[in-house]
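Structure first, then comments.
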Amino acid sequence: MMVRKAAMIVSSMLLVLALVSMNEDVSRYLATIKYKDNVTATTNIYIGTKERDRLLAVIQTEADKLKVSPVNARIDRVWRAIPGYNGLEVDVEKTLEAALLALPAETIQYVFKEVEPQIKLNDLGPHPIYRGNSNKRMISLMINVAWGNEFMDAILNTLKSENVKATFFLDGSWLYKNVELASRIQSEGHEMSNHAYTHPDMKALDRQSQYNQIAKTEALLKTKLHVNNKWFAPPSGSFNQTTVQIAEEMGLKTVLWTIDTIDWQKPPADSVIRKISAKLEPGALILMHPTATTRDALQGIIAAAKAKGYAIGTVSETLSSKRLPAAVEGAD
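Going left to right, the sequence shown walks through residues -23 to -1, 1 to 309 as mature numbering (1 follows the signal peptide of the UniProt record, and there is no 0) numbers them.
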């Protein structure tokens, strides 16, 4: 009898211990749910105010060291309008939040945010653009189209196989006759922009004629391709301040080039590749046309740019102030 009673007492004690253990597990589970759902609540459960303040002080100290100031857009004596480049700073609140969630990790993973420059490209007024910001390791392929349909398929196939997006500046009279081909170019992710209507010598035209050249092509870009365009590339690089002013009034920036393939002179493809490779620099805008030379040189130009660590983007991407990933920025 005494043995049975002792056994019952022991069993009861074990049951109580089990319930306590279960309650602790339940409490811990509830705390975990609360942890995931509410960062502030989690902080209260797992760390004290002193630890939070210590982390915050470390983050704020490092934030001052890690800050990269933005670069303002500016007018250069030679290159005219140069776009700005975003800076970087630590997002203190998000970094603290991530650090608290990662405890007891010893390393803080800093969260960054971009900071736009005070002076942006649009603040500079009507000036031509020849290049992007030299802090940005990106280049662009500018393909001016008024003829050369027979080479377009090969050019598009190369761009697709290399996963490169270019900016095609379309002559309006060409676009009017080749909407289907233009739609294909657009559908493959390329940027579509304005190259006047009849490939004129813009600086030789009066103001109204210049306006008509830009406006007619702009209307076609909107009605046929539904493009919200930002750029105007004057044919043969011929322009004057009136050209730039008219484009500005229409919401367009006038874009020229940094490096010219001069492909219309039909140079050998290998000489073009060597020339472009030697002249590559951050922010370069490379001018080309749908020609046999460009068809044959395009893959080599792209390979040379990639080998030197350049990202290749559209004109909009290259002239944007947005930063590139650190892996690209740090390339040799």
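All residues carry an ideal CB built from backbone N, CA and C; glycine is no exception.
Selection from Ala58, Val141, Pro81 that minimises the alpha carbon distance to lysine 97: Position 120 of the sequence shown, counted from the first residue, corresponds to residue 97. Considering only alpha carbons, the answer is Ala58.
Beta bridge counterpart(s) of asparagine 121 as assigned by DSSP: On the sequence shown, position 144 is the one that residue 121 refers to. Asparagine 121 pairs with Phe146.
Local conformation of tyrosine 6 per DSSP, three classes: What you label residue 6 is simply residue 29 of the sequence shown in a count that begins at 1. Because tyrosine 6 carries a pLDDT of 31, less than 50, the predicted location of this residue cannot be relied on, and no value is offered for it.
Distance, isoleucine 162 Cα to leucine 133 Cα: Within the sequence shown, numbered from 1, the residue matching residue 133 stands at position 156. Within the sequence shown, numbered from 1, the residue matching residue 162 stands at position 185. Spanning the two alpha carbons is a distance of roughly 7 Å.
Status (buried if at least 16 other CB within 10 Å, exposed otherwise) for arginine 272: Against the sequence shown, residue 272 aligns to sequence position 295. When all chains shown are included, arginine 272 counts as buried.
Counterpart residues of alanine 288 in DSSP-defined beta bridges: Numbered from its first residue, the sequence shown carries residue 288 at position 311. Bridge partners of alanine 288: Met115.
Beta-carbon gap between threonine 219 and arginine 251 smaller than 7 Å: Reading the sequence shown from its first residue, position 242 is the one you call residue 219. Reading the sequence shown from its first residue, position 274 is the one you call residue 251. Contact flag unset, no.
Start-end ranges of the alpha helix (DSSP H) lying completely within the stretch 34 to 107, minimum 4 residues: 69 to 79
N-terminal and C-terminal residue of the beta strand (DSSP E) that serine 170 is part of: As a working note, residue 170 is residue 193 in the sequence shown. Looking at the DSSP string, the run of the beta strand (DSSP E) that includes serine 170 is 168 to 171.
Rounded separation between lysine 243 and alanine 261 - CA only: Against the sequence shown, residue 243 aligns to sequence position 266. Against the sequence shown, residue 261 aligns to sequence position 284. The alpha-carbon atoms of lysine 243 and alanine 261 are separated by roughly 22 Å.
Alpha-carbon spacing of alanine 8 relative to glycine 109, whole angstroms: Here residue 8 refers to the residue found at position 31 when the sequence shown is read from its first residue. Here residue 109 refers to the residue found at position 132 when the sequence shown is read from its first residue. Residue placement at alanine 8 is flagged as unreliable, the pLDDT there being 31, under the threshold of 50; the coordinate-derived value follows with that caveat. Straight-line Cα distance between these residues: approximately 52 Å.
Rounded Cβ spacing between lysine 285 and leucine 264 (contact assumed at less than 8 Å): Along the sequence shown, one-based indexing puts residue 285 at 308. Along the sequence shown, one-based indexing puts residue 264 at 287. The Cβ separation is near 19 Å, so there is no contact.
Candidates Pro60, Asp41, Ser117, Asp30: closest to alanine 76 by CA position: One-based indexing of the sequence shown puts residue 76 at position 99. For the residues Pro60, Asp41, Ser117, Asp30, the minimum Cα distance to alanine 76 belongs to Asp30.
Valine 141, DSSP secondary structure in three states: The residue labelled residue 141 in the question sits at position 164 within the sequence shown. Coil, per DSSP.
Check whether methionine 64 and valine 88 have beta carbons under 7 Å apart: For the purposes of this step, residue 64 is identified with residue 87 of the sequence shown, where counting begins at 1. For the purposes of this step, residue 88 is identified with residue 111 of the sequence shown, where counting begins at 1. The sequence given here has glycine at residue 64, not methionine. Going by C-beta atoms, glycine 64 is not nearer than 7 Å to valine 88.
DSSP state of phenylalanine 128 mapped onto helix, strand, coil: The residue you call residue 128 lines up with position 151 of the sequence shown. Helix at phenylalanine 128.
Stretch pair the stretch 158 to 174 + the stretch 134 to 147: three plus CB contacts closer than 8 Å: In short, these stretches touch, since the Cβ pair count reaches three.
Secondary structure of leucine 158, DSSP reduced to three states: Residue 158 sits at position 181 when you count from the first residue of the sequence shown. Helix, per DSSP.
DSSP state of threonine 271 mapped onto helix, strand, coil: Here the question's residue 271 lines up with position 294 in the sequence shown. It is helical.
With 16 other Cβ atoms within 10 Å as the buried cut-off, status of asparagine 140: Translated into positions along the sequence shown, residue 140 becomes position 163. By the 10 Å Cβ count, asparagine 140 comes out exposed.
Burial state of glutamine 190, where buried means 16 or more other Cβ atoms lie within 10 Å: Within the sequence shown, residue 190 is the residue found at index 213, counting from 1. Glutamine 190 comes out buried.
Nearest-angstrom beta carbon gap, glutamate 225 and proline 103 [assumed within contact, 8 Å]: Taking the first residue of the sequence shown as 1, we reach residue 103 at position 126. Taking the first residue of the sequence shown as 1, we reach residue 225 at position 248. Going by Cβ atoms, the distance from proline 103 to glutamate 225 rounds to 4 Å, so yes, they are a contact pair.
Own chain residues within Cβ distance below 8 Å of methionine 115, not counting five before or after: Working through the sequence shown from its first residue, we reach residue 115 at position 138. So the qualifying residues of the chain are Gly109, Pro259, Gly260, Tyr287, Ala288, Ile289, Gly290, Glu294, Thr295, Leu301, Val305.
Bounding residues of the beta strand (DSSP E) (the contiguous stretch that carries isoleucine 263): The residue given as residue 263 occupies position 286 in the sequence shown. For isoleucine 263, the uninterrupted beta strand (DSSP E) segment begins and ends at 262 to 265.
Beta-carbon proximity of valine 156 to lysine 201, cut-off 7 Å: Stepping through the sequence shown from its first residue, residue 156 is reached at position 179. Stepping through the sequence shown from its first residue, residue 201 is reached at position 224. Inclusion of valine 156 and lysine 201 in the CB contact set at 7 Å is warranted, their separation being smaller than that value.
Sequence-distant residues of its chain with Cβ nearer than 7 Å to glutamine 187 (five each side left out): One-based indexing of the sequence shown puts residue 187 at position 210. Same-chain partners within the cutoff: Met179, Thr219, Thr220, Ile223.
Nearest neighbour of threonine 175, chosen from Ser298, Asn121, Pro245, Ile253 [CA to CA]: Translated into the one-based positions of the sequence shown, residue 175 becomes position 198. The option with the nearest alpha carbon to threonine 175 is Asn121.
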